[in-house]
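Which chain is which? The protein sequence lines are A and B, in order.
For reference, each letter of the first sequence is one residue, going 1 to 149 in the UniProt record's numbering.
For reference, each letter of the second sequence is one residue, going 1 to 149 in the UniProt record's numbering.
Number of protein chains: 2
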Amino acid sequence: MKKKERHQLLRELVQQEVIQKQEDFVDILKKRGIDITQATISRDIKELQLIKVPAQEGGYQYNLPPEMNYNISKKLARLMKDAFVSIDTQKEFVLIKTLPGNAFALGTLIETAKYQEVFGCISGDDTVLIICRDEDSAERFQRRIISFI
Amino acid sequence: MKKKERHQLLRELVQQEVIQKQEDFVDILKKRGIDITQATISRDIKELQLIKVPAQEGGYQYNLPPEMNYNISKKLARLMKDAFVSIDTQKEFVLIKTLPGNAFALGTLIETAKYQEVFGCISGDDTVLIICRDEDSAERFQRRIISFI
DNA sequence: TATGAATATGAATTCAAC
DNA sequence: GTTGAATTCATATTCATA
């Protein structure tokens, strides 16, 4: 496997999995039959400019570079402006209604953006249900989303 | 000095100075008569969610959390849309013309955003001169800026 | 709760090999 | 130019103390 391919894989992994430390990368790659050491991962991270973000719930998480997250936020903002219908919260849940056919894309973006308030999210055709970490998170997340409109 | 004050100070420092490691914080605070250890800085960084961004020119730099940088980019995008007149590059220099009175604000935002392409920048009333790290950086930076319009 | 000292853990670099 | 092993260096945590 070439370095470029590995870099691409790391970019995907960091969006899909919760990577807390460089050894996590090593372990995941090992499971896929790619043997690589922490030293190489360290260099990869530097080249890809991945960042280690402190999570307030304890722990850390590697993430995409700010620049790329900015692009994700931009997409999110655009989609919200285009397809947003309504938003409501109840306890730790946030429910967003969109124009038909847009919820899945919205859900994917919300997940990719990895907002700390968000525990998980499920999307239908015109509805995204976001499960936040707690009631406060839900409120914060709602404000965040509304600011995009 | 209270923890809250120190946190505020760290937020300012991270925008003004190039902080490569936690000991840099310790040293800077010491010069200001604030005695604090690396352990405390580590906790502060976690609470403030500061991130360590790899710079492609070697080295690392602590920075504000992605969320806050997103806001800076949003301001930059808005100002560009409002006040942009023209842009041109020559070697490693980028020259941006703005409506009168807007260049200084633009320059400040560009500096705060800490784009890696940028070495430094000088602002007048309707002109910002950005010195990039090299010719390639200047081109990349120009594209970046244009994407805001 | 906030902190420092000591320590453990994680991450970056050096050096040699390829 | 890329990598792993060993090492150095940086950072997070533990444990004690205020």
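In this text, a Cβ means the ideal position worked out from N, Cα and C, and glycines have one as well.
As the structure is a prediction and not an experimental result, all values here were calculated from the model.
Selected residue, minimal CA-CA separation from residue i, among the options
i              : options                    : result
S147 (chain A) : A:M80, A:K75, A:I45, A:Q20 : A:M80
S42 (chain B)  : B:D35, B:F25, B:I34        : B:F25
E17 (chain A)  : A:E57, A:K114, A:I87       : A:K114
H7 (chain B)   : B:G33, B:D27, B:T37, B:L48 : B:L48
F84 (chain A)  : A:E139, A:L29, A:G101      : A:G101
F119 (chain A) : A:K52, A:S137, A:A103      : A:S137
D82 (chain B)  : B:L9, B:Q38, B:T40, B:L99  : B:L99
For residue j and residue i, the rounded distance between their alpha carbons
i                     : j              : result
L50 (chain B)         : Q22 (chain A)  : 18 Å
K75 (chain B)         : R144 (chain B) : 14 Å
residue 158 (chain A) : G59 (chain A)  : Because chain A spans 1 through 149 in this model, residue 158 (chain A) falls outside it and cannot be assessed.
I130 (chain A)        : L64 (chain B)  : 26 Å
N71 (chain A)         : T108 (chain A) : 14 Å
G33 (chain A)         : K2 (chain A)   : 14 Å
I36 (chain B)         : I28 (chain B)  : 10 Å
A39 (chain A)         : K30 (chain A)  : 14 Å
Reduced DSSP category for residue i - H, G, I as helix; E, B as strand; rest coil
i              : result
Y115 (chain A) : coil
S73 (chain A)  : helix
T40 (chain A)  : helix
Q22 (chain A)  : helix
K149 (chain A) : Looking at the sequence shown, residue 149 (chain A) is not Lys but Ile. Coil at I149 (chain A), not helix or strand.
G107 (chain A) : helix
I51 (chain A)  : strand
I34 (chain A)  : coil
Beta-carbon separation (whole angstroms), residue i vs residue j, contact threshold 8 Å
i                     : j              : result
K46 (chain A)         : P66 (chain B)  : In fact, because the Cβ distance is near 18 Å, the residues do not count as touching under 8 Å.
residue 150 (chain A) : D126 (chain A) : Residue 150 (chain A) is absent from the model: chain A starts at 1 and stops at 149.
T112 (chain A)        : Q15 (chain A)  : 6 Å
F93 (chain A)         : S123 (chain A) : Not a contact, Cβ separation roughly 14 Å.
T89 (chain B)         : E139 (chain B) : 7 Å
Residue i: first and last residue of the uninterrupted beta strand (DSSP E) it sits in
i              : result
L129 (chain B) : 127-132
Q61 (chain B)  : 60-63
K97 (chain A)  : 93-98
I87 (chain A)  : 84-90
Endpoints, the alpha helix (DSSP H) within which residue i is located
i              : result
K3 (chain B)   : 3-16
F141 (chain B) : 135-146
beta-carbon residue i near the ligand HEM non-hydrogen atom, thresh 6 Å
i              : result
S147 (chain B) : What this structure holds is no ligand at all, so the ligand HEM is not there to describe.
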